[in-house]
Amino acid sequence: MENAVHEAFALAEHAATVIQKTFPAHHEVLVVLGSGWAESVPALEALSTSPVHTLEIAEIPGFKKPTALGHGGALKSITVGSTPVLLLTGRTHLYEGRGVHAVVHGIRTAYNLGCRTVILTNGAGCLRTDWQVGTPVVIRDHINLTAHSPLTGDNAPPLAGRFVDLTDAYATSLRDLVRSIEPSINEAVYLGLHGPHFETPAEITMAATWGAEMVGMSTVLETIAARHLDMNVLALSLATNLASGLSGNKLSGEEVIQVGKDSSKRVGDLLSRVLVAFDQQQNGKRS
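Next up, the structure:
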């Protein structure tokens, strides 16, 4: 296990070296596009003030094309204003069986490319029947029920401390930034599960009693890995369906994809405005 941790960090360093042969050397923001968000790629590419660079992730050490429906297999480099941004068009999920280090490999690789801000997106079941399906939501906190942590095993000094404070796992400053451009957006507690099966109605009842408002199969492990490296995290969920037992409908991955397509303009516009606002904020700090 100890060797596995150090090997995982070494692999991320190697992946960054390979990426730098094609991409600009330095980036500031990583955007991970989850279920329901892949349709926003054209809008984000249209923002770029520099040529868009693309690598198939299967060509990068430690990466493998995701098997989840609606997830792309590319890493892209764009520039929003003067902020260089990495776009990861799909993610590895824990249920794909590649282990926790594969799930967070993109986070650690982006860190080695200079990223200190991460924007995670996902499609999730919604426990709030008063929220409309197809609506983006800001994650303010999470409950990790995956039974895993990317920090298990030996620590990897000198990158970070052993015990990571998750009090402000989702940066207040970034959540405030989103609300400044989308004042009506809701915030939610996200419950992360292993998957790939959907939840039972009883599990959703339990989740609601714990304060969860969204439920999905990603994001929490990436957030922990990012905070381990002192990266600031913003996470956005797209409510792709009402959670199990709340609507009477059967759940399916195809439904998630369709809601993403139907919401593509909305989520693409939101992500674009978030990146533009972030760039303007950073320019104010740079000047």
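With our numbering applied, the sequence shown covers 3 to 289. Beta carbons: idealized from backbone N, C-alpha and C, even for Gly. Bear in mind the structure is a predicted one, so any value in this text is a computation, not a measurement.
- Item | First and last residue of the uninterrupted alpha helix (DSSP H) at MET208 | 203 to 211
- Message: Just to confirm my understanding: we take GLU58, look at its own chain, exclude 5 residues before and 5 after, and list those with CB closer than 7 Å. What are they?
- Response: Residues of the same chain with a CB within less than 7 Å of the CB of GLU58, apart from the 5 flanking positions on each side, are GLY75 and ALA76 in chain order.
- Given a cut-off of 8 Å, decide if GLU30 and THR69 are closer than it, judged by their beta-carbon atoms. no
- Mind the definition here: the region 245 to 259 touches the region 145 to 156 only if three or more C-beta pairs lie below 8 Å; say whether that holds. The answer is no - the region 145 to 156 does not touch the region 245 to 259, with fewer than three Cβ pairs under 8 Å.
- Task: Note down the Cα distance separating ILE109 from ASN285, rounded to an integer number of angstroms.
- Result: As the crow flies, the alpha-carbon of ILE109 is around 24 Å from that of ASN285.
- Item | C-beta contact flag for THR225 and ALA171 at 8 Å | yes
- Report yes or no: do the region 233 to 244 and the region 124 to 135 share at least 3 C-beta pairs separated by less than 8 Å? yes
- Query: Considering only C-alpha positions, which residue in the set PRO138, CYS117, LEU115 and SER79 is nearest to GLY36?
  - Reply: PRO138
- Message: Please state whether the Cβ-Cβ distance between VAL140 and VAL180 is less than 8 Å.
- Response: yes
- Going by Cα to Cα distance, which pick from GLN282, ALA14, SER274 and ASP281 is closest to ASN114? ALA14
- Message: So, for ALA1: in the same chain, excluding its five sequence neighbours on each side, which residues have a beta-carbon less than 6 Å away from its beta-carbon?
- Response: Outside the displayed span of the chain (3 to 289) sits residue 1, for which this structure offers no information.
- Task: Quick one: which unbroken alpha helix (DSSP H) runs of 4-plus residues sit fully inside the region 208 to 264? Chain order, please.
- Result: 222 to 230 and 255 to 264
- Query: Any heavy atom of the ligand ADP closer than 7 Å to the Cβ of LEU96?
  - Reply: The ligand content of the structure shown is nil, which means the ligand ADP is not present either.
- Item | Straight-line Cα distance separating THR211 from GLY92 | 31 Å
- Message: For VAL54, which residues in the same chain have their Cβ closer than 8 Å to its Cβ, ignoring the five residues on either side in sequence?
- Response: GLU47, LYS78, SER79 and ILE80
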